[in-house]
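Each remark here refers to the structure printed beneath this line.
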Amino acid sequence: MSPLASFRALSVALALVATAAHADAVRRFALVAGNDEGGSDTRPLRFARDDARKMHSLLVRLGGVSPGDAKLLLDEDSRDFLAALADLEARARAAQARGERTALLVYYSGHAKDGSLRLGDSRLPFEDLKRRLASAPADIRIAILDSCRSGALTRTKGARKAPAFEIESGAARDARGLVILTSSAADEDSQESDALRGSYFSHHLASGLLGDADRSGDGRVTLFEAYSHAYARTVADTAASTAGAQHPTFSYDLAGNGDLVLTDLRASGEGLLVPGAAPPGTYYFVDPGGMVVAELDKTEDVERRVALAPGTYRVKRRLPDRLRIGEVQVARGRQVVLEEARLRDAPFSDDPVKGAARDGGAWWTLGFSGGVQSFFDGPTRDTLFLSVGLLGLEAQLHDYFRRDWVWGVDVAAGGKQAVLALPTLAGPAYRYSVTSLGTTLTSEWPRGSVAPFVGARMAYLVMRRDFDDEVFPDQKFAMFSPGLVAGVRWKPLPRLHVTGRARAHYLQYTVDEQRSLGYWELGALLTYQP
Amino acid sequence: MRYLALACLCLAAAACGGDFSNDDLEFLNALPRREDLAAELPAASEGRSGGGLTTRKDKLLVNLGELSQVAGDTDESGHEFNTAVDGLLSLLEHIRNAPPTSREPDRRVWGPFKDQEHPGFDVRFVMERQELRFDYRLEYRRTGEGDGDWWAFLVGSFEADAGIRKGVGALYLDVKRAEQEGFPTGGLFLLDRLDIEYQTKALPTRVELAFTPRGGLTAPTRYTYREAAGGLGEMKFLIPDIDLVLGGRLEDVELTTRWAPDGRGMGVLEVLDGDITGAKYTECWNALGRVTFIARSWDFFNPTEGDRKSCPDFSALDE
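Heads up: the sequence lines are chains Y and W, in that order. Read left to right, the first sequence gives residues -15 to 514 (my numbering). Read left to right, the second sequence gives residues 433 to 751 (my numbering).
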C-alpha cells in the first residue's frame, strides 16, 4: 500500500470513530496502570508510574471520567490489572443496561516483551488483552499502550506507523468498536526522557491533551488530534536518539463516525489562555519541580488554550539567542491570560527546566541539618543517653541508583552539660556528647514542589561522658544503629530544598547488660543544589 | 573484595561497645578516696616543730608564747594517720584506673591479673551490690591455684547515701591472713589488722583508724578524726605511759586536739590513769603554734594562764 493510500484509509477509519457532538453523553471508564518493573530480565523504568499518574489525573480532570469510574494501578501485577478491568467492565455493562453509551479507556505504561505486557514479574499476553478488549461491554474501547514493542499488539490488524492524519468532523453516526494506540512499533523500544521525566510518547500525548493538540482551536482535543500530535512529536524528539526514531502505531476496528473527544479544555474552568497576539513559537510550562508539564506550539494570530491544573508555573519561550521566561499563577476555576509583557529576557543558563534532570538524571545537594535526639525510655534519657540537640552536615545524591531514590551521608554532633543523678550517686557534673555518622537510602514520591519520602538509615553513634571531676572516669559507647526515616522535602526555590524528617532508630546497649533501646530524631535540613 | 568487606566488618565490630555505664560509676563511688578519709591538717602545720607522738615525755612545762607541744603532737599524729590511710587506699587506686573485667547486674570483677608487685600471686578485686550496700574484696591466690583458693587481703563495705561518696563505710587489712599465706606485707608485719571505719554522709564526718598489734599483746591503738563545716578538724587518740607530772606513776592520757584552717588550735589532755587520774589539761595556740592559753585542773593556785578568748570556737565539733 502506498503512503497516499494509507493516508486515505486512515482518514476513512478515523471518520468512523466519531462521537464529538455526543461526547458528554458517553459514560467513560478508565483503567490506568503504570509499572516500573518488568521482571528480572528487564531494567527498571524510571517514569512509568509517573506517566500513569499524570494520565489518570488528566482524564479525571479534563477527560470526562468521574473519579469513581477511574482506576489507577501502580506497580500492580496482571492479576490486579485484570481484576480492575473486570470491575470496570461490570460497571460499563450496568450502564449499558440503563441505556447509556459507554467508553472504556485502558492506558498502560511499563514494560512489554516477548508478546506480553510485563507487570512486575507477571505477564499479560497481547492477544489475551486484545481479545478481552474486543469483547468488553463498552461501545468504544480505547487502549493506549506505552511500552516497548507494543506495536506488536496492532501488527496483526490495521497497524500503521502513521503520520498525522485528517479528521472528518460533523459526522452524525455514533462510533462503536476498538481503537488501539501504541507508543512504538513492534520492533522498537519505547524511550524515556530524563529531561521530560517521562516517556516521550506519554509526555506528548498528555501535553497534547492539555491543549497543544487542539489544532482546530475548538477547546476540545479528540483522540486523533492527540494521537497525531503525539506521533509527530515523538518521532521528532527521538529521531536523533541513539535508539533511533520511535514510531507510534494505531489499530482500529470501528463502525460509525464522529470524533471522539478525549479532553475538554474548558471542563475544569481553569487554565491558561495564550492570546492570538502573543508571539508565535513553542511555549513550555514548567512546574515548581522543574518539570515540563505541557508544551504549546503557537502560530501567528491564533488563540490557544492550555488546561493547566491550578498552581504556579514558569513559562519559557526559546528564542535563537535567549529565553523569554515568566511566571503565571493558575487559580482554581479561573482562566488566566498569558501576557507577553510579563515575560522577561533571560540567558540560557536561567532555564527553569531542571538542569540536572536534563543532563542525565542524577543530581546532588549539600546542606546543614539541625534536630533533636531523644530515647524512648524515660530512665535511659534521664540518666544514660540524654536528649540533645544536633547540628550537622549532609550530602545527598538524587536519582542515581534509581529515579526518586536518594542516597545520603550525614554527620551530626551535639551535647550538653548535665549533673549525674543515680540512686547511690548524685552530683558529679559532666558533659554528654553524641556524634553520629549515618547513611540513608530513601524513596521519594514527588508531588510538584513537595516530595514525601520514606527510607532506611544506618548510623554509627558515639556517645561520650566527660566528667569535670577527674575522680570519675570518662566514658564512651559506640554502636551501629539501624533505623527508619520519613519526611517531606520541599523545594521553595529552584536550587534550594527544605526537608523536615523524623527518624526512629534501634540501639543495642551492651555495657551493663544486653538491652534493646530505641530513640527518635526530629530534624530539619536545608540543602543547596549546585 | 571479599577480604575487604570482611575486614570492614571486623573493623566495625571492633569499633562497637565501650564503658558507658551508670552502674560502673556507682560501684566506683563506693570506694573511698584519700580526700574522704585523710585528716585535713592546717596548712600552717608544715614545718612546725613538735615531739613524736609515742616518745613524748615532756611534763607540760610549757609557758605562754612558747611553741605548743600539743600542736606538734597533733601534726605528727595527723601525718601518721594520713600515711596509714594512704597505704591502705593505694591498694584500691589500680581499680579506679581500669574498667571492670566482667559485669553482672550487681557484681563487678577486675581481674584476675598476675600481681606484678608480688610475683607468684594472682590478684582480683570483687565488688557486689545489694540495694544501697556495696561489699568489696581485694583477693589473692598463688598463681596456678583454683577458684576456691582466693583469700581476701582487704575487705570493705559501703552503705551509700547518695551524693559523691556520701555514706557509711568500713574496710580492713587482714595482715595476719596475709602472713599465713606467705604474702609479703612490708611494714605492716607488726600488725594483725588495720581497720578504718568512716561516715561521710553528714557533718561532722568521722574516720576511725584502729591498729591491732601482732599477737594481740596490747590493746588496739585508735585514732579518731572528725571534720566539721568550715574546715574545723579534730583528732582524738590515746597516749599510754607518759610521765606527765612529778610522781611515782606514768600516766595514760587521751588527747583531743582541734584546729582551724588558719592553724589556730586547742588541745585537751585528760588523764585516764596515773598520778593525777581525772585531771584535765587545756592548751590553746595561735596560727604560729605558740601557746596563748593554758588551763590545768589540778593547779589550785594558778589554774589558768593567758586569755581563754584567744581559743577558737569549735562548737561545730560538739555533738
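We put the beta carbon where it would ideally sit given N, CA and C, even for glycine. Predicted, not measured: the structure shown is a model, and the values here were computed from it.
- The residues K97, in chain order, have a CB closer than 8 Å to that of Y:D25 in the same chain once the five nearest residues on each side in sequence are set aside.
- Spatial neighbours of W:F643 in its own chain (CB-CB distance under 7 Å, excluding positions within 5 residues in sequence) are listed in chain order as L623, L626, P652 and T653.
- The region 391 to 400 of chain Y and the region 418 to 427 of chain Y touch, with three or more beta-carbon pairs separated by less than 8 Å.
- Note that the region 39 to 52 of chain Y touches the region 246 to 264 of chain Y; at least 3 beta-carbon pairs, one per stretch, sit closer than 8 Å.
- Between the alpha carbons of W:R658 and W:G665 lies a gap of roughly 6 Å.
- Around the CB of W:N529, fewer than 16 other CB atoms lie within 10 Å, so the residue is classed as exposed.
- The C-alpha of Y:Y512 is placed about 9 Å away from the C-alpha of Y:W348.
- Here Y:F65 has A17, L57, L103 and L108 as same chain residues with Cβ atoms under 7 Å from its own Cβ, once five neighbours each way along the sequence are excluded.
- Going by DSSP, W:F557 is part of the beta strand (DSSP E) stretching over F553 to Q562.
- Against Y:M447, the close residues of chain W are G450 and F452, in the order they occur along the chain (beta-carbon pairs closer than 9 Å).
- For W:A602 and W:F733, the gap between their C-alpha atoms comes out near 47 Å.
- Interface flag for Y:G182 against chain W is unset, since no Cβ pair is found closer than 8 Å.
- Taking C-beta separations shorter than 6 Å and ignoring five residues to either side along the sequence, the partners of W:R638 in its chain run Q631 and R658, following chain order.
- In this structure, DSSP gives W:C442 a helical state, which the three-state scheme calls helix.
- Interface annotation, Y:Q498: not in contact with chain W, CB-CB separation never under 8 Å.
- Considered as a whole, the region 228 to 315 of chain Y harbours 233 to 239, 245 to 248, 255 to 258, 265 to 270, 276 to 282, 288 to 290, 295 to 302 and 307 to 314 as its complete beta strand (DSSP E) runs of no fewer than 3 residues, in chain order.
- Below 8 Å, too few C-beta pairs join the region 63 to 79 of chain Y and the region 265 to 275 of chain Y to call them touching: fewer than three.
- When 7 Å is used as the limit between beta carbons, W:D518 is near no residue of chain Y, the shortest such separation being about 16 Å.
- For a cut-off of 8 Å, the C-beta gap from Y:A32 to Y:G94 is around 5 Å, short enough to register as a contact.
- W:L701: member of the beta strand (DSSP E) spanning G697 to D705, first to last residue.
- When the beta-carbon positions are compared, Y:G192 and Y:A169 stay at least 8 Å from each other.
- In the DSSP assignment, Y:E323 falls outside any alpha helix (DSSP H) and carries neither an H nor an E.
- Scanning Y:E172, Y:H188 and Y:S235 for the CA closest to the CA of Y:L162 turns up Y:S235.
- Distances from the CA of W:L463 to each of Y:L509, Y:T408, Y:L477 and Y:P514 were compared; the closest alpha carbon is that of Y:T408.
- Using a Cβ distance threshold of 8 Å, W:E683 and W:G710 do not count as a contacting pair.
- The beta-carbon of Y:K460 is placed less than 8 Å from the nearest beta-carbon of chain W.
- In the structure shown, the three-state DSSP call for W:K633 is coil.
- Y:R37 and Y:E176 have their C-alpha atoms spaced approximately 15 Å apart.
- Between Y:Y297 and Y:D281, the gap from beta carbon to beta carbon reaches 8 Å or more.
- Exclusion of the five residues before and after W:T617 leaves V607, A610 and E611 as the residues of its chain whose Cβ lies within less than 7 Å of its Cβ.
- Inclusion of W:A503 and W:G647 in the CB contact set at 8 Å is not warranted, their separation being larger than that value.
- If the five residues before and after Y:A402 are omitted, its C-beta is found closer than 8 Å to the C-beta atoms of L370, A413, Y414, R415 and Y416, all from its own chain and listed in chain order.
- The beta-carbon of W:A503 is placed no less than 8 Å from the nearest beta-carbon of chain Y.
- What W:R466 touches in chain Y, judged by beta-carbon distance under 7 Å, is nothing: the nearest beta carbon there is about 11 Å away.
- When Cβ-Cβ separations below 8 Å define contact, W:P537 makes contact with chain Y.
- Using beta-carbon distances, Y:V393 does not count as an interface residue toward chain W, since no partner is under 8 Å.
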